[in-house]
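First up is the structure itself, then whatever we jot down about it.
Here it is as structure tokens:
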């Protein structure tokens, strides 16, 4: 290596290869991000749990029952079973650790798409301490 701050040619080649590799990784990650981005038209909570807005994909005013709440409601009510056993159409917008504020927001927004006869609200999330979240 010559005196001064010159970098040998093999060192420059190595640096350029490193930048090219980093650029390729960024391009691949950007493409994967665009491909895997949720397709549901969501507002605020959709990126956390996009399925809570799935009622938008159903025919307008097609729900008889709307279920909302935390994981207790999510694990308790199966809309597919309700439909096959009783013929009642329903959608479960519950999600783990869903707060009362999220439940209220989703339910209010749901009424612009659906007009269910019954709303089942699991009140478990009202009694959970959310001050730490």
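Numbering (the working numbering), first residue to last: 256 to 388. Beta carbons: idealized from backbone N, C-alpha and C, even for Gly.
With H, G and I counted as helix, E and B as strand and the rest as coil, what does DSSP make of residue 454? Coverage of the chain is limited to positions 256 through 388, which leaves residue 454 absent and any answer about it impossible.
Meets three-Cβ-pair contact criterion under 8 Å: the segment 347–356 and the segment 316–326: The segment 347–356 is in contact with the segment 316–326.
In the DSSP output, which residue or residues are listed as bridge partners for residue 373? According to DSSP, residue 373 shares a beta bridge with 320.
If you follow the alpha helix (DSSP H) that residue 341 is part of, which residue opens it and which one closes it? Counted as a single uninterrupted DSSP element, the alpha helix (DSSP H) harbouring residue 341 occupies residues 334–341.
Going by the DSSP bridge assignment, what does residue 347 pair with across the sheet? Residue 347 pairs with 322.
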